[in-house]
Structure formats: C-alpha cells, structure tokens
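S.K.: Can you read through this structure? Questions will come right after.
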Amino acid sequence: QKEVEQDPGPLSVPEGAIVSLNCTYSNSAFQYFMWYRQYSRKGPELLMYTYSSGNKEDGRFTAQVDKSSKYISLFIRDSQPSDSATYLCAMKAAGNKLTFGGGTRVLVKP
Amino acid sequence: DSGVTQTPKHLITATGQRVTLRCSPRSGDLSVYWYQQSLDQGLQFLIQYYNGEERAKGNILERFSAQQFPDLHSELNLSSLELGDSALYFCASSASSDPAEGYTFGSGTRLTVV
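As given, the protein sequences belong to chains A and B, one line each in that order.
Take the first sequence: its position 35, counting from 1, is numbered 35 in our numbering, and each next residue is one higher.
Take the second sequence: its position 43, counting from 1, is numbered 1043 in our numbering, and each next residue is one higher.
Written out as structure tokens, the structure is:
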C-alpha cells in the first residue's frame, strides 16, 4: 500500500464549476501538507501549503486538512480552462523528504 | 521561471551509456533534491544534498550518484543506463534542509534511453 493515495482521474468539469481533489495517507507522522500543480512536461509548481488541521484559503484555492481522518482536500472555485493540469498532493514528516501522491488529472471544459 | 535551472532539457542516449544531469538551485537555496517521475511510479525521491553534504537518500539505484558542488549546483550521474531509466528527472531546491513549505522545482530533464 502506498503511503499517499490519490485518484488519478481524469476529472472533467465545466468552466466555472468547483473542482474537488483529495488524498488519503497512512503515515500519522506526516505534519506538513502541500498541493502542487503540474502542467504537461513542466515541473510541479507549489500552490498551497499548510501544517494544521482545518481550512486555508488563497484566492480561488482552499486547502483542507483532517489529520484525524488522514485526509486532505483541495477545492478550486470558479474553475478556468487554464486550471487544466495534474494536481499532486505532497506531505512530509519533520526531518523527512516530501512524499507525493500519484496526481489527479483535471480537465476544465470551456 | 521558478529560479531552479536544469540542463539539458532533453537527452536521448543508448543503453549502457552514462549521462550527467545538472541543476542550479534558486539563489540563496542551500538544499537540492532530485526526483524521478515515470508514468507508473509517479514522483520518487532519489537524494538530497544540503550545503554540499548528502542529507537524505531515497530509492536511488547504485548505478546513480549525485553531488553538490561548492557553488551549490548539483549533478546527477546515471550510468549503465537501462530502458527503464527513461523518465523525467526533476531537481528542486529549498532554503533550509527541512522546509515546512515544500520545495521549488525546476522544469526537468527528459531522459530517453533507446
């Protein structure tokens, strides 16, 4: 079993819809949680990071962490075609390297 | 532009050969990380250097080695290449050795072994 599980998708939504992404993890030592966006053939780009349970907002993006359930989510409001990409969750324990989920491919249709 | 520079962008080589991938971290970053991304394995951590010293090792094959130089740039050496080594290789950097805010990635080197 992988430490971090993420549905590969693809997730197809109409423009303007809310995109909902999530990851589950098994390692209770994970303390820091991130979401990256990766366009085709490009490097991952950090979108958000958080280290506490609860919600964190940044513009159209909301990251949610539930440590008791070992579950994290990313919501994208008012989705645009330019949001079409692969979204990777990542997490780490203190002193350890970043562990990534497999990524969810998102397609926002105009 | 993330500030992390990787060269070359593309590399095509034959099985059994040796290649060197180069990474220049963001200005001021002391940590460099190498990741391999393949379709079936996702992003896999290979190795981390901090200020010239090896800090952490992941599932890096013995045929692979890396180093970080005094000017903080890093090189990943891949030898006795096999078809299965074809992948995207990413370098990332961070200011500290254990950042809570994640790493900044470069654009990657696409390696094709034929």
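Glycine included, C-beta positions come from ideal geometry on N, C-alpha and C.
All values reported here derive from a predicted model rather than from experimental measurement.
Would you give the residue range spanned by the beta strand (DSSP E) that residue 1070(B) belongs to?
M.R.: Locating residue 1070(B) in the second sequence gives position 70, where the first residue counts as 1. That residue, residue 1070(B), is in no beta strand (DSSP E); it is neither H nor E in DSSP.
S.K.: Would you check if the distance between the CB atom of residue 1034(B) and the CB atom of residue 1048(B) is smaller than 9 Å?
M.R.: Within the second sequence, numbered from 1, the residue matching residue 1034(B) stands at position 34. Within the second sequence, numbered from 1, the residue matching residue 1048(B) stands at position 48. It is a contact, given that the beta carbons lie within the stated cut-off.
S.K.: Output needed for residue 1094(B): all residues of its chain with C-beta closer than 6 Å, excluding positions within five of it in sequence on either side, in chain order.
M.R.: Position 94 of the second sequence holds residue 1094(B). Excluding positions up to five away in sequence, the list reads 1029, 1031, 1103.
S.K.: Apart from the five residues on each side of it in sequence, which residues of its chain come closer than 6 Å, Cβ to Cβ, to residue 86(A)?
M.R.: As a position in the first sequence, residue 86(A) is number 86, starting the count at 1. Here the set comprises 38, 103, 105.
S.K.: Taking beta-carbon pairs under 9 Å, can you tell me which members of the stretch 1092-1103 of chain B lie near chain A?
M.R.: 1092, 1097, 1098, 1099, 1100, 1101, 1102, 1103
S.K.: Out of 81(A), 109(A), 100(A), state which residue places its alpha-carbon closest to the alpha-carbon of residue 30(A).
M.R.: For this step, residue 30(A) is matched to residue 30 along the first sequence. The shortest C-alpha separation from residue 30(A) is found at 100(A).
S.K.: Run the CB neighbour count on residue 47(A), radius 10 Å, all protein chains shown included, and call it buried at 16 or more, exposed below.
M.R.: As a position in the first sequence, residue 47(A) is number 47, starting the count at 1. Buried: at least 16 other Cβ atoms inside 10 Å.
S.K.: Does the stretch 1002-1013 of chain B come into contact with the stretch 14-34 of chain A, if we say contact requires no fewer than three beta-carbon pairs (one atom in each stretch) closer than 8 Å?
M.R.: no
S.K.: By Cβ distance, which residues of its chain are closer than 7 Å to residue 9(A), with the 5 residues on each side in sequence left out?
M.R.: The residue you call residue 9(A) lines up with position 9 of the first sequence. 104, 105, 106.
S.K.: Quick check on residue 59(A): buried or exposed, where buried means 16 or more other Cβ atoms within 10 Å of its Cβ?
M.R.: Counting from 1 along the first sequence, the entry for residue 59(A) is found at position 59. Taking a 10 Å sphere around the C-beta of residue 59(A), we find fewer than 16 other C-beta atoms and assign the residue as exposed.
S.K.: Given that residue 1042(B) touches chain A, what residues does it touch there, using C-beta distances under 7 Å?
M.R.: Counting from one through the second sequence, the residue named residue 1042(B) turns up at place 42. Under the 7 Å cutoff, chain A gives 100, 102, 103.
S.K.: Step through the CB atoms of chain A and report whether any lies within less than 9 Å of the CB of residue 1048(B).
M.R.: Looking up residue 1048(B) in the second sequence gives position 48. Output row for residue 1048(B): interface = yes.
S.K.: Establish whether the CB of residue 87(A) and some CB of chain B are separated by less than 9 Å.
M.R.: Taking the first residue of the first sequence as 1, we reach residue 87(A) at position 87. Not closer than 9 Å to any Cβ of chain B, the Cβ of residue 87(A) fails to qualify, so no.
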